[in-house]
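Remarks on the structure that follows.
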Amino acid sequence: MKSRVQGIRARFAAAAVTAMTVVWGLPALAAANLVGQPTPGAIGLQPGVTPLKHDATFFHDAILLPIITAIVLFVLGLLVWVMIRYNKKANPTPAKWSHNTVVEVIWTIVPILILTVISVFSFRLLYAYHDMPKPYMTVKATGYQWYWGYEYPDNGIGEFVSNVLPEDKAAAQKVPYLLAATEPLVVPVGKPVRVLVTGADVIHAFAVPAFGVIADAVPGRVNETWFTIEKPGVYYGNCRELCGTQHAYMPIEVRAVSQADFDAWTASKGGYKVGGAPAPAVAAAPAATPAVIPASAPAATPAAAPAAAPASSATSAPAAAPASN
Ligand SMILES: [Cu+2]
């Protein structure tokens, strides 16, 4: 039943999108839409690569756009009808009545019904955005004037800076200037990624159109969004909150790569695999630091005072646990 509903929904969405493309998007037919970045001359939303973006595109293309188009055509038709039928020449003696109960009831109830239909789909979409699956990993994006800082707490990678790629380098690498960054945000494909977003100075916003996500980066607050990318690729976004003179120069470049490539990238950044354990290849270096700190720190303080107290067995346990981890 569910698959049948989805099938109908998919066909309906495809038909609506085709109709809307014919109406609005003729220029876009000239060239295939680029993925992960804007297409010159295109009209409509960027192709999506996450479930959320597909839902948002369905809501826009199959629900909102047809309703808006129908209302515009209906109002245009009324205006044309009034101008032709009731102008001074065609209708020299106008009627004097000013109330019509039937018409007033209709123009109250029909908009309520339209808004109810929209709200059902709207709340479903809103719920989908809040209904984050258990994330595979978390990245933290901090907005600065005027660049992004990315941090991978699950991989032990401290914050690094991502600036706009200078114009000459972008031209040399054949990547879009003002979208390409010096350091991309690298994430594995097919895994739910939670993004914690905050600002360090003024309000910025983290937005990637192909993922259908936007989150305000507010100083002193941590906002949350998420995405599961369906196919590997490079996806661009920008800061979406006017944050100062260089606002247009703080792009977001996300690289969705395979799990193996992601693990290789985290290793190249001095980090480890998701799960907290340092990668076996580099186990010696990161293991030494955690082993020393938890073992000596908690052990030293309680050992002096409550050595004789019954707590001694309890204090020895946490000291051993992080060391063996
Ligand atoms: Cu900004």
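Counting from 63, one number per residue, gives the positions in the sequence shown under the working numbering.
Glycine included, each C-beta is placed from N, C-alpha and C at the ideal position.
Where does Thr61 sit, in a helix, a strand or coil, going by DSSP? The first residue shown for the chain is 63 and the last is 387, placing residue 61 beyond what the model contains.
Taking the alpha-carbon of Thr200 as reference, which of Met145, Gly98, Tyr206 and Tyr212 has the nearest alpha-carbon? Position 138 of the sequence shown, counted from the first residue, corresponds to residue 200. Just measuring C-alpha positions, the residue of Met145, Gly98, Tyr206 and Tyr212 sitting nearest Thr200 is Tyr212.
Could you give the residue range of the beta strand (DSSP E) that holds Tyr298? Stepping through the sequence shown from its first residue, residue 298 is reached at position 236. Annotation for Tyr298: the continuous beta strand (DSSP E) segment containing it runs Gly295 to Cys301.
Bridge partners - Arg317, DSSP secondary structure assignment: By one-based count along the sequence shown, residue 317 stands at place 255. The partner list for Arg317 (beta bridge, DSSP) reads Val248 and Val296.
Can at least three beta-carbon pairs, one atom from the stretch 325 to 333 and one from the stretch 145 to 159, be found at a separation below 8 angstroms? no
Measuring only from the beta carbon, is Gly205 closer than 7 angstroms to any heavy atom that is part of ligand 1? Residue numbering aside, residue 205 sits at position 143 when the sequence shown is read from its first letter. Yes.
Roughly how many whole angstroms lie between the Cα atoms of Ala219 and Pro250? Numbered from its first residue, the sequence shown carries residue 219 at position 157. Numbered from its first residue, the sequence shown carries residue 250 at position 188. Checking the sequence, you will find Ile at residue 219 rather than Ala. So the two alpha carbons sit approximately 15 angstroms from each other.
Taking 7 angstroms as the line, does the beta carbon of Glu303 fall inside it for any heavy atom of ligand 1? By one-based count along the sequence shown, residue 303 stands at place 241. Yes; taking the cut-off as 7 angstroms, the Cβ of Glu303 has a heavy atom of ligand 1 nearer than that.
Output the distance between the C-alpha atoms of His122 and Gln99, rounded to the nearest integer angstrom. Numbered from its first residue, the sequence shown carries residue 122 at position 60. Numbered from its first residue, the sequence shown carries residue 99 at position 37. About 19 angstroms.
In this structure, how does DSSP classify Asp263 when only helix, strand and coil are distinguished? Position 201 of the sequence shown, counted from the first residue, corresponds to residue 263. In this structure, Asp263 counts as coil in the three-state DSSP scheme.
Can you name the start and end residues of the alpha helix (DSSP H) that Phe222 belongs to? By 1-based counting over the sequence shown, the position of residue 222 is 160. Careful: Phe222 lies outside any alpha helix (DSSP H), inside the beta strand (DSSP E) at Ile219 to Ser224.
Is the beta carbon of Ala272 sitting closer than 8 angstroms to the one on Gly139? Numbered from 1 along the sequence shown, position 210 holds the residue referred to as residue 272. Numbered from 1 along the sequence shown, position 77 holds the residue referred to as residue 139. Cβ atoms of Ala272 and Gly139: not closer than 8 angstroms.
Can you say whether His192 is buried or exposed, counting buried as having 16 or more other CB atoms within 10 angstroms of its CB? Mapped onto the sequence shown, residue 192 falls at position 130. His192 is exposed by the Cβ-count criterion.
Sub-8 angstroms separation of Trp210 and Val255 beta-carbons: The residue labelled residue 210 in the question sits at position 148 within the sequence shown. The residue labelled residue 255 in the question sits at position 193 within the sequence shown. No, Cβ-Cβ distance for Trp210 and Val255 is not below 8 angstroms.
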